[in-house]
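Step one of this worksheet: look at the structure below.
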Amino acid sequence: MKFSRVLLIGVLGLVLVSGEKKRYDGHQVLRFVPKTQDHLEVLRSIQSRSDQRTQKLDFWAEPSHLNSPVDIMVSPEQKAWLQKHADFFGLEHQVMIADVQELADSIKVGAPGTKLTWDAYYDSPEIYAWVDEITAQFPEIITTQSIGKSTEGRELMLMRINKPSDQQKVTVFLNSNIHAREWITSATTTWIFNELLTNEAYAAELDKFDFHYVPVLNPDGLAYTHNGDRLWRKTLSDHDSFWGCLGVDANRNFDKSFGGPGASSDKCSETYHGPSAFSEPETQAVRDYILANKDAIKIYFDVHSYSQLVLLPYGDTNLKPDDYADLLEKGLILENALRERHGTDYVTGTVPDLLYLASGGSFDWVKEKAGVKYSMGIELRDQGQYGFLLPASQIIASGEETLDGFLAIFNAIRDEILAGH
29 MKFSRVLLIG VLGLVLVSGE KKRYDGHQVL RFVPKTQDHL EVLRSIQSRS DQRTQKLDFW
89 AEPSHLNSPV DIMVSPEQKA WLQKHADFFG LEHQVMIADV QELADSIKVG APGTKLTWDA
149 YYDSPEIYAW VDEITAQFPE IITTQSIGKS TEGRELMLMR INKPSDQQKV TVFLNSNIHA
209 REWITSATTT WIFNELLTNE AYAAELDKFD FHYVPVLNPD GLAYTHNGDR LWRKTLSDHD
269 SFWGCLGVDA NRNFDKSFGG PGASSDKCSE TYHGPSAFSE PETQAVRDYI LANKDAIKIY
329 FDVHSYSQLV LLPYGDTNLK PDDYADLLEK GLILENALRE RHGTDYVTGT VPDLLYLASG
389 GSFDWVKEKA GVKYSMGIEL RDQGQYGFLL PASQIIASGE ETLDGFLAIF NAIRDEILAG
449 H
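FYI, the numbering for the sequence shown is 29 to 449, going by the working numbering.
Given below as structure tokens:
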């Protein structure tokens, strides 16, 4: 590690090399709802002027459309500055999270080396131990492999579920935790696959689908959220930032409009796209695996949080794909099934229609470059009450509704394929 980085990290108070965890005592998450175009432009201006070098504002939900909530995490000092500017422009806000550290401390985290359960959150070693355990339980239908290694040398584990069947099967590829702080994603997906494999009520589904599943696509970042900074988003790669900033937003690193709108060239930005497409070993591994299996894979899902959205391509343009009507039809099937069990409201649409332009995204690349028609994303719970700090008590409910939704859309797509459309 370069001396300049060590020095700058010390000056900036970052926690990238010390053993201390970054704390968020007194930090709050404020919600602004822009009612006019001026409000929206003010929030965009505030976002564009802030960066990590000046203790940037962390936009949990970015300014996108009129009447769409904008969630910003602020320190006590930042709150005074932000409130002054907001008041000047008549922008009202509400406090969504009164103390970020207090909420983070209240969330149940499984101890290292303990067995995975779904009343707590876990790091990748415990998740991988569950993968090994359930593979040993069902060796005739599950195989595992490492599809690569992360920057820090952690395995990128893939679980392949392939039950012998006389029926025509459809192959699904699914990954979670591409963004480190989105703990609910791997918690939800591990619950789903545990349920599919151990609950007899779902046995018939394994006769219809093969699953290729990467539970943790960003294990370095996930580890760092456990031992360094709970709200870390990116990978932990080193691209020689003058300011000592590490990491790339892996979901801006795919080769679909790389470096375009919604991605940043600033190495300190949360949406830094990296020096080149597929600069990250994590995205390289997904690329290589999907291209090697693109003829088999018919459905791709990238699982995120939060906002409760079903996301359709494309993210990098306001133009819709030619088959958008089919995508929307299936997305609405997913949306409705997600709502059925617990009344959880989701909304379906393209990334720009619901959020913002975002280039270099995984499911855009999978659709356009790998030719997987049904390539989508999902933003899980919630809508901002807890944001990235969703209590572990909601894991099972999230798993239940998401499994309902996935089975509904997977079966609808399979029916279409069997019908020859």
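Glycine included, C-beta positions come from ideal geometry on N, C-alpha and C.
Proximal residues to residue i (C-beta, below 6 Å), its chain only, five neighbours per side dropped
| i | result |
| --- | --- |
| Asp53 | Gln129 |
| Arg188 | Thr171 and His240 |
| Thr142 | none |
| Leu202 | Tyr241 and Phe329 |
| Thr450 | Residue numbering for the chain in the displayed model covers 29 to 449; residue 450 lies beyond these limits and cannot be assessed. |
| Gly359 | Val338, Leu340 and Thr376 |
| Arg369 | Glu428, Glu429 and Asp432 |
| Leu119 | Phe60 and His67 |
Distance between beta carbons of residue j and residue i, contact taken as under 8 Å
| i | j | result |
| --- | --- | --- |
| Gly415 | Leu385 | The pair is not a contact, with the Cβ atoms about 22 Å apart (cut-off 8 Å). |
| Val123 | Pro243 | The Cβ separation is near 34 Å, so there is no contact. |
| Asn279 | Ile162 | Not really, about 27 Å apart at Cβ, beyond 8 Å. |
| Ala251 | Ser152 | 7 Å |
| Leu362 | Ile424 | About 19 Å separates the two Cβ atoms, so there is no contact after all. |
| Val98 | Gln56 | Actually they are not in contact, since the Cβ atoms of Val98 and Gln56 sit about 14 Å apart, beyond 8 Å. |
| Ser387 | Ile212 | Incorrect: roughly 25 Å between the Cβ atoms, too far for contact. |
Through-space distance from residue j to residue i, alpha-carbon basis
| i | j | result |
| --- | --- | --- |
| Val70 | Phe117 | 8 Å |
| Ala229 | Ser292 | 46 Å |
| Ser32 | Phe270 | Bear in mind that the predicted position of Ser32 carries a pLDDT of just 36, short of 50, making it unreliable; the figure below should be weighed with that in mind. Spanning the two alpha carbons is a distance of roughly 8 Å. |
| Thr145 | Lys63 | 43 Å |
| Asp66 | Ile318 | 43 Å |
| Lys401 | Lys395 | 6 Å |
| Ser214 | Ser204 | 5 Å |
| Phe286 | Gly389 | 8 Å |
| Asn95 | Gln336 | 16 Å |
| Ala440 | Leu58 | 39 Å |
| Thr376 | Ala365 | 12 Å |
| Glu183 | Asn246 | 10 Å |
| Trp393 | Asp283 | 6 Å |
| Pro289 | Pro309 | 23 Å |
| Arg258 | Arg209 | 6 Å |
| Ser174 | Glu48 | 31 Å |
| Leu435 | Thr253 | 31 Å |
| Trp260 | Tyr150 | 15 Å |
| Ala126 | Asn227 | 40 Å |
| Ala398 | Val61 | 38 Å |
| Gln411 | Arg442 | 31 Å |
| Lys50 | Glu429 | 33 Å |
| Val137 | Thr216 | 15 Å |
| Gly275 | Thr263 | 4 Å |
| Leu234 | Thr218 | 16 Å |
| Asp26 | Arg72 | Outside the displayed range of the chain (29 to 449) lies residue 26, so it cannot be described from this structure. |
| Gly176 | Trp109 | 44 Å |
| Thr345 | Pro140 | 43 Å |
| Val314 | Asp294 | 24 Å |
| Pro5 | His121 | Only positions 29 to 449 of the chain appear in the structure, and residue 5 is not among them; the question remains open. |
| Gly453 | Asn321 | With the chain covering only 29 through 449, there is no way to say anything about residue 453. |
| Leu225 | Gly371 | 26 Å |
| Glu154 | Ala447 | 41 Å |
| Gln148 | Ala324 | Correcting the residue identity first, residue 148 is Ala in this sequence and not Gln. If you take the alpha carbons of Ala148 and Ala324, they lie about 35 Å apart. |
| Asp238 | Gln196 | 10 Å |
| Arg81 | Cys296 | Residue placement at Arg81 is poorly supported in this model, since its pLDDT is 48, which falls under 50; the coordinates still yield a value, given next. Approximately 7 Å between the Cα atoms of the pair. |
Residues near residue i by beta carbon distance below 7 Å, same chain, minus five either side
| i | result |
| --- | --- |
| Leu431 | Ile220 and Glu223 |
| Ile445 | Val198 and Lys326 |
| Phe391 | Tyr328, Asp330, Pro341, Ser403, Met404 and Gly405 |
| Ser178 | Leu184, Pro247, Asp248, Pro309 and Glu310 |
| Asp373 | Gln336 and Arg367 |
| Ser92 | Leu383 and Tyr384 |
| Gly433 | Leu362, Ala365 and Leu366 |
| Lys348 | Thr378 |
| Trp413 | Per the sequence presented here, residue 413 reads as Gln, with Trp not at that position. Result list for Gln413: Met124, in chain order. |
Beta-carbon proximity list for residue i, same chain, < 8 Å, skipping 5 on both sides
| i | result |
| --- | --- |
| Gln75 | Leu85, Phe87, Glu90 and Pro91 |
| Ala157 | Lys143 and Leu144 |
Any non-hydrogen atom of the ligand GTP closer than 8 Å to residue i Cβ
| i | result |
| --- | --- |
| Pro243 | Among the components of this structure there are no ligands whatsoever, and the ligand GTP is therefore not found. |
**Message:** Whether or not the region 173–192 and the region 122–138 are in contact is what I'm after, with contact meaning three or more pairs of Cβ atoms, one per stretch, closer than 8 Å; do they touch?
**Reply:** No: fewer than three Cβ pairs fall under 8 Å.
**At least three beta-carbon pairs within less than 8 Å, the region 397–415 to the region 105–116** = Between the region 397–415 and the region 105–116, the count of C-beta pairs closer than 8 Å stays below three; the two stretches do not touch.
**Message:** Check whether the region 294–305 and the region 412–428 touch, using three or more Cβ-Cβ pairs below 8 Å as the test.
**Reply:** Verdict: no, contact absent.
**Message:** I want to know whether the region 378–392 touches the region 174–189 - three or more CB-CB distances under 8 Å.
**Reply:** Between the region 378–392 and the region 174–189, the count of Cβ pairs shorter than 8 Å is below three; the stretches do not touch.
**Inter-stretch contact at 8 Å, needing at least 3 Cβ pairs: the region 254–269 / the region 160–168** = In short, these stretches do not touch, since the Cβ pair count stays below three.
**Prompt:** What alpha helix (DSSP H) runs, 4 residues minimum, are completely inside the region 106–176?
**Reply:** Within the region 106–176, the complete alpha helix (DSSP H) runs of at least 4 residues are 128–134 and 152–165.
**Prompt:** Of all the alpha helix (DSSP H) runs that stay within the bounds of the region 317–388, which reach a length of 4 or more residues?
**Reply:** Given a length threshold of 4 residues, each whole run of the alpha helix (DSSP H) inside the region 317–388 is given here in chain order: 352–370 and 379–382.
**Message:** At 3 residues or longer, what runs of the beta strand (DSSP E) sit wholly inside the region 189–223?
**Reply:** Complete beta strand (DSSP E) runs here, min 3: 198–204.
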